[in-house]
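One structure is given here, and the rest of the page talks about it.
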Amino acid sequence: MVTNKELAELIFPEIKETIEDLEKRYPERDLPNGAEVTRFAPSPTGFLHTGSLFTSLICHKVAKDTNGVFYVRLEDTDTKREIQGSGEQLLQQLHLFNIDPDEGYLGNSEKGNYGPYVQSKRADIYKVVIKYLLEQGLAYPCFCSQEELEDIRKEQEKKKDNPGYYGEYAKCRYLTNEQRKEKILNGEPFVIRFKSSGDHTNKVAVTDLVHGDFEIAQNDLDIVIYKSDGLPTYHFAHVCDDHFMRTTTVIRGEEWIASLPIHVELFAALGWKAPKYAHLPVIMKIGENGNKRKLSKRLDNEAAVSYFLKDGYPSEALVMYLMTIANSNFEEWIFEHHFENMDEFKFSFDKMSLEGALFDMGKVNFFSKEILGKKNKYEIRDMAKAYSQEFNPELYSLICRDEDFFMDIMNIEREKENPRKDYEKFGDLYDRIGFFYNDIYDNLSSNGLSFNEKFNNQVIKEVLTDVRDNLSLEQDEQSWFNNMKEIGEKHGFAPNGKTFKQNPDAYKGTVGDVAEMIRITLSTRKNSPNLYYVMQILKKEECNRRINSVISNL
RNA sequence: GGCCUAUUGGAGAAGCGGCUUAACUCAUAUCCCUCUCAAGGAUACAUUCAUCGGUUCGAAUCCGAUAUAGGUCACCA
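Here the numbering used here is used: position 61 in the first sequence is 142, and no number is missing along the way.
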């Protein structure tokens, strides 16, 4: 007769610790009332996903709002899918969004008393718990091969039974300990399954912070808790880790709701108090077939946080946008607070929508413009430098040529009550401001300029010559504009649209046309910021150089 | 297929039995301002809350059925 204890000892002879030892090693946290311990638990399988940013943002926010603890745990139990270095990468990217863990995995190191915070380094902890389960007869080794499992599934399909390893289908459940011992001694590979006592025709009441209370069928599957590679499965690791790390609120994606009964049963079997759960809606997108589907890293570039970073979106813009999805009252709040100090907003789970929102790039752009519009020239310079240094070397070298010049350009109509909001991301900058720089201008203009075809070259030459000789920059904007009108009138251009409309035959065009000629000449583009400021920045000498060059090429 | 969840304009959503003529924001369109662009200002944009039935003096709000969509059923997380 082989007892459960002997079997457990046979499987894990090296494990001497007990659950009590672990309870002592990881005591309850001493935290103020209402403080929540949350965690972000990514798998190191690639770059940060926008949905993960959303989850981590909320985890972080809940901990901050309650003076609790936010920690990061690396879930690297799937060694096949692991991508080297992506754990560090994830942390760096979170940092760019001002999400820094109080505790846990930090990339190259870790901090806190509840570690290790990398699951592959916690193998012994899981084994202690599994050994206990084995001793209690709540778990058993399973020797079924992939093929056998496949056969079971086929049989179930034929009989229209629910799929899975349970009840009569759970063959290894009925092995005697003697048989188990023999197989193990024979070196047969095995996994360890949890012995479920649930019944799927019964329901468990579960409560979720965002979905409220609902009922769901009990788990009756003997799920694998220990894989043949010696690592635990997600379900088991979640229960052990969140217990011993003393997580108070588990915040994760909605896709986990279905496995909640498993987690509830596991917690109960171990006699542990389950944490609170919040299952977040998933960010969606309309797919090719017209239906909603989860944002996909493969299909949607906005699914990767790196996309926004590369394009030079301010990180606040994405965070602000994500907050509007997180809490329906956030938008109103942030408008009242003039797009500032969003950390002061109090997050609440019941202001969260149950349905996955469609990712709205337009709204990200909107927030981005607002945020950039609020920055002063120094902040803009710093942000642009930080961005371009990493992602946009051309722009970086441009800024570094002369930072004051760069700030002058970026400061056009910025220091007024309603500043321009024409930049939504730093990635656009090079194309937009390149013409201010003489060498880039020469390059652009060498391809020829496209003036309005209404006017022949002679007229354009005459106007430009007059502008060169008589348009002074040593005056305020209004006088300058009047000056330009006078020049226009000399050449047959109406001073404004109304005058022109009253007598269209009397004029060649309007001041607008004159301005356009100057604009195209100076910037090579049909639109630019306020011409007056463009000319101020270029200075008279450079304006004239450009005008002369255009005249001689016409 | 079983189970779970959801369903208010192009998008995010508020409203949760009469104070709604369905708030607010983004997007879009038109107009004004104007040297272009941006900004700013003004206006328009769901006769109706997936559908059908029921309860009620009264329903987007409560109940039921149907439809549609999403999730989940791994030694992946």
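Even for Gly, the Cβ is constructed at its ideal location relative to N, Cα and C.
Inset, instruction - Confirm, please, whether the CB-CB distance from C140 to T158 is below 9 Å. - result: no
Inset, instruction - Take every Cβ of the stretch 392-411, pair it with every Cβ of the stretch 419-435, and state whether three or more of those distances are shorter than 8 Å. - result: Contact between the stretch 392-411 and the stretch 419-435 is established, with three or more Cβ pairs separated by less than 8 Å.
Legend entry - Backbone secondary structure at C223 - three-state DSSP: strand
Legend entry - Identity of the residues DSSP links to K192 by a beta bridge: G185
Inset, instruction - Given a cut-off of 9 Å, decide if D301 and D280 are closer than it, judged by their beta-carbon atoms. - result: yes
Inset, instruction - Reducing DSSP to helix, strand and coil, say where H572 ends up. - result: coil
Inset, instruction - Quick one: using the 10 Å Cβ neighbour count with 16 as the cut-off for buried, is H419 buried or exposed? - result: exposed
Inset, instruction - Give the DSSP bridge partners of K366, in chain order. - result: Assignment of beta-bridge partners to K366 by DSSP yields R374.
Legend entry - Residues bridged to I297 (per DSSP): V285
Inset, instruction - Name, in chain order, the residues that DSSP records as bridge partners for H130. - result: A385
Inset, instruction - Taking R513 as part of the alpha helix (DSSP H), name the residues at either end of that continuous run. - result: L510 to I514
Inset, instruction - Measure the Cβ-Cβ separation of R627 and S527 and say whether it is below 9 Å. - result: no
Legend entry - Pair within 9 Å by beta-carbon distance, T136 and L312: no
Inset, instruction - Tell me L361's beta-bridge partners as DSSP assigns them. - result: G334
Inset, instruction - State buried or exposed for C253, treating a residue as buried only when at least 16 other CB atoms are found within 10 Å of its CB. - result: buried
Legend entry - As assigned by DSSP and simplified to three states, the class of F151: strand
Legend entry - Per DSSP, cross-strand counterpart(s) of L552: Paired residues: none, contrary to the question.
Legend entry - Cβ contact (3+ pairs, closer than 8 Å) linking the stretch 561-580 and the stretch 593-603: yes
Inset, instruction - Taking the CB atoms as reference points, tell me whether M488 and I461 lie closer together than 9 Å. - result: Against a cut-off of 9 Å, the Cβ pair of I461 and M488 comes out as a contact.
Legend entry - For T580, the first and last residue of its enclosing alpha helix (DSSP H): From DSSP, the alpha helix (DSSP H) with T580 extends over G578 to Q583.
Inset, instruction - Only counting runs of 4 or more residues, tell me where the alpha helix (DSSP H) segments fall wholly within the stretch 456-488, in order along the chain. - result: 458-472 and 474-482
Inset, instruction - Tell me whether I521 sits in a helix, a strand or coil according to DSSP, three-state version. - result: helix
Inset, instruction - Whole angstroms is fine: what's the gap from L171's alpha carbon to E412's? - result: 28 Å
Inset, instruction - Measure the alpha-carbon distance for L341 versus W414 and round it to whole angstroms. - result: In a straight line, the C-alpha of L341 is about 34 Å away from that of W414.
Legend entry - Whole-number beta carbon distance between A220 and R261, since they are thought to touch under 8 Å: Cβ atoms of R261 and A220 stay farther apart than 8 Å, at about 11 Å.
Inset, instruction - Note down the Cα distance separating F389 from F121, rounded to an integer number of angstroms. - result: Their Cα atoms are separated by approximately 21 Å.
Inset, instruction - Go ahead and pull the three-state DSSP assignment for R501. - result: DSSP, reduced to helix, strand and coil, places R501 outside both helices and strands of the structure shown, so it counts as coil.
Legend entry - Alpha-carbon spacing of F517 relative to L619, whole angstroms: Going by the C-alpha atoms only, they are around 7 Å apart.
Inset, instruction - Please confirm if the stretch 443-452 is in contact with the stretch 364-377, defined as three or more CB-CB distances below 8 Å between the two stretches. - result: no
Inset, instruction - Please determine, among R110, L138 and K208, the residue with the shortest C-alpha to C-alpha distance to K427. - result: The shortest Cα separation from K427 among R110, L138 and K208 belongs to L138.
Inset, instruction - Note down, in chain order, each residue of its chain lying with its Cβ closer than 8 Å to the Cβ of T309, except the 5 sequence neighbours on either side. - result: With the sequence shown as reference, residue 309 is identified as Ser, and Thr is not the correct amino acid for it. Correct list, in chain order: P270, F271 and V272.
Legend entry - CB of K582 within 9 Å of CB of F536, strictly: no
Inset, instruction - Measure the C-alpha to C-alpha separation of N148 and P182 and round it to an integer number of angstroms. - result: 13 Å
Inset, instruction - Please classify T119: does DSSP put it in a helix, a strand, or coil? - result: The answer is strand: DSSP assigns T119 an E or B state.
Inset, instruction - Give the DSSP-derived three-state secondary structure of V291 in the structure shown. - result: coil
Inset, instruction - Mark E231 as exposed unless 16 or more other C-beta atoms lie within 10 angstroms of its C-beta, in which case mark it buried. - result: exposed
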